[in-house]
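A.B. asks: Numbering-wise (the numbering used here), the sequence shown opens with residue 218 and increments by one.
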Amino acid sequence: MKRALAVDDSATMRNLVKIALEAEGFTVDTAENGQEALELTKRNTYDIVISDINMPVMDGLTFLREFRANNKRTPVLMLTTETEARKKEQAKSLGATGWIVKPFKPEDLVKVVKRVVR
Numbered sequence: 218m219k220r221a222l223a224v225d226d227s228a229t230m231r232n233l234v235k236i237a238l239e240a241e242g243f244t245v246d247t248a249e250n251g252q253e254a255l256e257l258t259k260r261n262t263y264d265i266v267i268s269d270i271n272m273p274v275m276d277g278l279t280f281l282r283e284f285r286a287n288n289k290r291t292p293v294l295m296l297t298t299e300t301e302a303r304k305k306e307q308a309k310s311l312g313a314t315g316w317i318v319k320p321f322k323p324e325d326l327v328k329v330v331k332r333v334v335r
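(1) Given 8 Å as the limit, is there contact between the segment 234-248 and the segment 310-317, that is, 3 or more CB pairs closer than that?
(2) Excluding sequence positions up to five away, which residues of its chain have a Cβ less than 6 Å from the Cβ of LEU296?
(3) Just to confirm, is the Cβ distance from GLY312 to LEU281 under 8 Å?
(4) Classify ARG260 as buried or exposed, calling it buried when 16 or more other Cβ atoms lie within 10 Å of its own Cβ.
(5) Tell me which same chain residues have a C-beta within less than 7 Å of the C-beta of TYR263, skipping the five on either side of it?
(6) Start and end of the beta strand (DSSP E) containing ASP246?
(7) Going straight from the alpha carbon of ASN288 to that of ALA254, what length do you get?
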């Protein structure tokens, strides 16, 4: 069974990702911010991480930088309202696999996840 981590300060968004991926057979853990997510990634192995960018405590880009220091292979999708090209380039340079703009359709998220998770 594939395992995913959904990171977002919005409980609604975490639940949306969780429901969409659980319907596809994933086990999904959730975190409210990058720091909480980093702790989970130290204890668990994930097939994919889906993270917001703008969060309190530790934002998504800082999380991505810290996560990539020890984990180069796990796909990381940035799920955000940010559409600014500079932010996308920054995320890509830090190792983001892809970018999904909110709001999104759950089926679109599932399509992207299936494409990047082998």
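All C-beta atoms, glycine included, are put in the ideal place defined by N, C-alpha and C.
C.D. replies: Here's the rundown:
(1) Contact between the segment 234-248 and the segment 310-317 is absent: fewer than three C-beta pairs spanning the two stretches fall below 8 Å.
(2) Contacts found: ILE267, ASP269 and ILE317.
(3) Yes, they are a contact pair.
(4) ARG260 should be labelled exposed.
(5) Excluding residues up to 5 positions away in sequence, ARG220, ALA221, LEU222 and THR291 lie with their Cβ nearer than 7 Å to the Cβ of TYR263 in the same chain.
(6) Start and end: 244-248.
(7) Their backbone Cα atoms lie some 13 Å apart in a straight line.
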